Amino acid sequence: MIGNPYREHPHVKGITEEVRDGKARIQLLGGLSGSSGAALIHACLCELKGPHLIILNDREEAAYFYTDLVILEGTPDRTLFFPSSYKRSVQYGQPDEANIITRTQTLRRLAEKRAASFIVSHAEALVETVVTKKHLEESTLEVRVGEKIDRDFMEEVLQSCHFDLVDFVYEPGQYAIRGGIVDVFSYASSHPCRIDFFGDEVDSIRLFDTDNQRSLENLKKVSIIPNVQWEKEMDRHRISFLEYIPSNTVLWMDHQGLITGQVQSLFEKTEPGTGPEGQIDKSKFLTSGKEIAGQMDRFRRVVFADPETAREAKVWNFETSPQPAFRKNFEHLAAHLKERCADGYTCYLLSENEKQFERLRAIFDEIDPELQYRTIPETLHGGFSDHELKVAYYTDHQIFERYHRFRLHDRFSRKESLSVKELVGLNPGDYVVHVDHGIGIFGGLEKIDVNGRTQEAIKLVYRDKDVLYVNIHSMHRISRYKGKEGEPPRIYKLGSGAWQKLKSNTKKKVQDIARDLIMLYAGRREQKGFSFSPDTYLQQELESSFIYEDTPDQLKATADVKAGMEAGFPMDRLVCGDVGFGKTEVAIRAAFKAVADSKQVAVLVPTTILAFQHYNTFSDRLKDFPASVDYLSRFRSYADQKRIISMLKEGRIDIIIGTHKLVGLEIAFKDLGLLIIDEEQK
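First residue of the sequence shown? That's 23 in the working numbering, and the numbers climb one at a time after it.
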C-alpha cells in the first residue's frame, strides 16, 4: 500500500472544511500532474463523510483513476466503478455484459445505503438513464439459506424477468434447473450462483465457476437481478444517474463544461433505434447534457481543471510536475534522482514486479552504486513530483515505456475453455475421451436418478452399447477426441482392460524415449561448450524495456534458457506455448545475450512471411541496442542475398533470420553461438 503524502498537505484541511461547510459550491484544484490528482482527492475523501462521485472525461481515464484510488485505499471495498453499458459508444449500440454487471452492482450498493463510497464514472456513462431505486428493489429476488421458496414460482419470476432457460449457465441472464438444483446468473454478480433445494427449503447457496462448475464461495443470501439497463417494461421507471445518487453526494470533476458537452453530443448523435431492444424512447433511456448541467448545480462540486469556473470558485493551487520522459536513458534517470535527493526530496520507485526492482538495482549499480531511492511494491498510473511536500514518485512503466494496464476488480469475462462452452457445442455422435475409460461416443445430456435425487449427467456410449454416465462435476475428465480426419477411432468395451493396457503400453514407449533422451543428453554433458557471460546492465535494460508484464512462465523460461547458455556444455532448450504467449520475447533476450558476447545468432523459421515478421520484431526490440539484424529469404534480391552472405562470413551481421536458405552450403558464419529454431521447423 502506498502511503499517501497528501494526508499531511495543508490544503487538504482547507478543501475538506469548505466542502463540509458548503459555503463555496464550487472549488477549483489547479497545478495537479500525473497521479497527484488521485492522491489528493483520496486524501480529501478519507476526511469527508458521505458518498462522492468522481467524473472523468472518458472511460480509460476513469478506469486508471479508479485503479489509482484502489491502490491508495489498499482495498476495493469502498471504491465503485460506474461505466457506460457499451463496448465502444452508446451510439453504436453494442452492450457489454461486464459493464452492465458493474453498473448494476453499483446501483445495488447505493440502494442498500452501505458505508460511504467513492464512485468513479465518466461522461458517456451519464448519458444513459438508470432504473429507480424502488423499481430496482421490486425487480430483485432475494434468496436466503433456510427459507422456503416454491421452485415453480421462482421459475415464473425468472421468466418474467427475461432470464433464458439453458442446459448449463455460462452467461448473465441465464438459468438452469436440474432436479433440486437451480443455477442462476444474475446481473448483480460476476459469477453465477447455485441454489440447492431440499424439498422447498433452500439448503445452500454458492457461487461457482462457469468453466468447471466447481464451487467458489458459500453464501447465506443472494440477490437475483435482471438486466435493468434496457428492459422496455422499465421505461416508465427511469431517472438520470445524478437523480439516483444521494443528495449529499460531492461531485469531483475534471472539466464540467467538457463533460456536459460530451453528454449533449452523444445524446444528439444517438439514433432512436439504438439499443438491443430496437426502438427506444430517447427521452426515457438517455439524458441530455443540458439536463445533466442543471442537475449538477444542486451538488457541491470540486473541479480539477476548468478555467471557466475560476471566477465563481474557491481556487487551490498545487506545485507539482509530471514524471520526466527518460526514454530509457538510465544515466539521465540516475542524474535526475541524484539531483532531487540533493534538493531534499524523498524519491520513490514504484513497481508491482519485484523483478523490475532487481533490474533497476543492477542498472544503477553499474552507473552509481550510491544512488538513494526507496521502493514501493505498488504502482500508480502517472509519476509526479510535489515541490511543496518534497516527494517524487517514479513509475517503472513510464521509465521503461511499458504499457500500464488498469484493473477493474471482480469483472465477468467470457472464458474459452474445455468446459460448459465446449460441452454445449458437442453433438450426439461426436467422439470424446474419458481419462479413465478411453474413447467413447457422446450421447448427450440425460437426467438420471441418484440416491433419490434427479441429476443431469453426460452420457458416453462404448462398444456393445455400454453406457457410462458422468456427473457434470467430473466433466474435466472428458475431452474432445482429436485424431486423423476421416478415420474413426477404435472404441473398446467398458471394463475390458483394453484402454488400461493401451495406456500402459504408451507409458512404456514414453519411458523408452525418455531413456534414449537421457543417454543423448548425458553424452552432450560430456562435451565442452561456450559459457556465456552473466547478464550485463544492457541485458537488464533490454528485458526491462519489454512493454508488457512478464508472465511467471515467461520469467522461468527466460531464466532457464540463460542458465543453459551460461553453463559449460552445449545448451538445448524447447520453449513451448500458444500464439501470443511470449516465446519470441524469450528468443530475443537469448539472442541479445549471445550478441553481447560477440557471438552470432541464426533464427531458422518455416516460411518467408514469418522470416520478415521476425525481422521486424527483432529489429524493433533491438533498435536502441548494439545489435545488427537482417533476414534471408527468396523475397530478397540476388544482390541482397550475396551481400548478406558476405557480411555473415565477415561477422558484420549479429542476428540473421531466414528460411531453409540458412542451412545452404554457401552459408558460413564468422562465429555462430546460438541457433533458434521456430515452431514447425524440423
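We treat Cβ as the ideally placed atom computed from N, Cα and C, and that holds for glycine. In this text, all values refer to a predicted model and were calculated from it rather than measured experimentally.
- Message: In the DSSP output, what is Y416 paired with across the bridge?
- Response: L371
- Item | Residue environment, M541, which counts as buried when at least 16 other CB atoms sit within 10 Å | exposed
- S407, DSSP secondary structure in three states: strand
- Message: Quick check: what's the CA-CA separation for S55 versus T681?
- Response: 50 Å
- Own chain partners of Q378 with C-beta closer than 7 Å, once the 5 adjacent residues on each side are dropped: D418, S566
- Message: Between which residues of its own chain and Y28 is the CB-CB distance below 7 Å, once the five residues before and five after are set aside?
- Response: V34, A61, L62, A65
- Task: State the CB to CB distance for the pair L148 and I314, rounded to an integer number of angstroms; the pair is presumed to be in contact (CB under 8 Å).
- Result: 6 Å
- Message: Using a Cβ distance threshold of 8 Å, determine whether the region 601 to 621 contacts the region 654 to 672, with at least three qualifying pairs required.
- Response: no
- Message: Between the alpha carbons of V204 and K645, how many angstroms are there, rounded?
- Response: 58 Å
- Message: In the DSSP assignment, the beta strand (DSSP E) including T342 goes from what residue to what residue?
- Response: 342 to 344
- Query: Considering D233, what are the terminal residues of the beta strand (DSSP E) in which it resides?
  - Reply: Element bounds for D233: n/a, residue is neither H nor E.
- Task: Can you tell me the Cβ-Cβ gap for R131 and L102, rounded? I've got them flagged as a contact below 8 Å.
- Result: 6 Å
- Item | Given V337 as reference, the closest of E353, K531, Q49, K155 once Cα atoms are compared | Q49
- Message: Let's see if you can read the secondary structure: which residues bound the alpha helix (DSSP H) around G311?
- Response: 311 to 318
- Which residues in the same chain as R125 place their Cβ atom closer than 7 Å to its Cβ, once the five residues preceding and following it in sequence are excluded? F104, P105, S107, Q251
- Pairwise C-alpha distance: G366 and D705: One cannot answer for residue 705 here, as it falls past the ends of the chain, which runs 23 to 704.
- Would you kindly report the start and end of the unbroken beta strand (DSSP E) that includes A624? 622 to 626
- Query: Between the C-alpha atoms of P298 and D118, what's the straight-line distance to the nearest angstrom?
  - Reply: Any reading at P298 must be qualified, since the residue scores a pLDDT of 49, below 50, and its modelled position is unreliable; the value itself is stated next. About 11 Å.
- What residues in its chain sit with their C-beta under 7 Å from that of C363, if we drop five residues either side in the sequence? C369, Q394
- Message: By the three-class DSSP mapping on this structure, what secondary structure does N493 have?
- Response: strand
- By the 10 Å Cβ neighbour count, where 16 or more other Cβ atoms means buried, how is K621 classified, buried or exposed? buried
- Measure the C-alpha to C-alpha separation of A347 and D700 and round it to an integer number of angstroms. 36 Å
- Task: Take R643 as the anchor and find which of D538, R424, T89, G466 has the nearest alpha-carbon.
- Result: R424
- Message: Output needed for G519: all residues of its chain with C-beta closer than 7 Å, excluding positions within five of it in sequence on either side, in chain order.
- Response: none
- Mapping DSSP to helix, strand and coil, what is V285? helix
- Task: Confirm, please, whether the CB-CB distance from G405 to Y416 is below 8 Å.
- Result: yes
- Please classify S555: is it buried, with 16 or more other beta-carbons within 10 angstroms of its beta-carbon, or exposed? exposed
- Query: Is the Cβ-Cβ distance between L687 and L654 less than 8 Å?
  - Reply: no
- Message: If I follow the unbroken beta strand (DSSP E) through F185, where does it start and stop?
- Response: Unbroken run through F185: none, as it is neither H nor E.
- Task: Measure the Cβ-Cβ separation of F207 and V191 and say whether it is below 8 Å.
- Result: yes
- Item | N26, DSSP secondary structure in three states | coil
- Query: Shortest alpha-carbon distance to G451 belongs to which of L430, H426, I470, Y484?
  - Reply: Y484
- Distance, Cα to Cα, F634 vs R658? 10 Å
- Per DSSP, what kind of secondary structure is R322 in: helix, strand or coil? strand
- Return the CA-CA distance between G465 and I480, expressed in angstroms with no decimal places. 7 Å
- Query: DSSP three-state call for N527: helix, strand or coil?
  - Reply: helix
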